[in-house]
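The block underneath contains the structure these notes are about, expressed in structure tokens.
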Amino acid sequence: MTLKDNLQFIREALDTDTTFTDLSAEILPISEKLQSLIQLSGLSSECKAKAKKEYEHARLHAIMKLQKDNPRMNSTLLIKMADGMCAEQIETLTYADRLNAGITHAIDGLRSLISLYKEERMNSLTQVNNRYGTKN
Numbered sequence: 000m001t002l003k004d005n006l007q008f009i010r011e012a013l014d015t016d017t018t019f020t021d022l023s024a025e026i027l028p029i030s031e032k033l034q035s036l037i038q039l040s041g042l043s044s045e046c047k048a049k050a051k052k053e054y055e056h057a058r059l060h061a062i063m064k065l066q067k068d069n070p071r072m073n074s075t076l077l078i079k080m081a082d083g084m085c086a087e088q089i090e091t092l093t094y095a096d097r098l099n100a101g102i103t104h105a106i107d108g109l110r111s112l113i114s115l116y117k118e119e120r121m122n123s124l125t126q127v128n129n130r131y132g133t134k135n
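Each residue of the sequence shown is one higher than the last, beginning at 0 in numbering that gives the first Met the number 0.
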């Protein structure tokens, strides 16, 4: 699969429905979604690294071409023009970076939901124990 195919795959995984209304009834889908995103985090990191490599490679070629065509060009202008020539690679790198951050935020959010579920279960168990006079 190409870099763009992998990024699309990650995007689709992030876009799957994550609306949960009843935490106790939906803890299994939450756990499955979390596991899926954890598995995707490696692919996402690889995509980000590959996008950076492609950008750096394209930028180097653009700089070399610009220097050959315009040997007296100011270095600041040279870098800006090279980046302009690499707009697609910059876009892909930025997209890969944002997807990687999205996975991290989604994982954190799902972990928070699981922690909330555990806390609710503990509170529920404590209430039952208090009601019937049993101890943990």
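From the three backbone atoms N, C-alpha and C, an ideal C-beta is built for every residue, glycine too.
Q. What is the DSSP secondary structure of C85, reduced to helix, strand or coil?
A. coil
Q. So A57 packs on Q34, CB below 8 Å; how close in whole Å?
A. Contact doesn't hold; Cβ gap of about 36 Å is too wide.
Q.
I believe I29 touches L109 by the beta-carbon criterion, under 8 Å. Please report the beta-carbon distance rounded to the nearest angstrom.
A. 6 Å
Q. In chain order, which continuous runs of the beta strand (DSSP E) of length 3 or greater are located wholly inside the stretch 75-128?
A. none
Q) Taking the alpha-carbon positions, what's the E118 to A12 distance? A) 28 Å
(Q) Quick test of your reading: I159 and L39, contact by CB under 8 Å. State the CB separation rounded to the nearest angstrom. (A) No answer is possible for residue 159: the residues shown for the chain start at 0 and end at 135.
Q) Which class does M0 belong to by DSSP, given the choice of helix, strand or coil? A) coil
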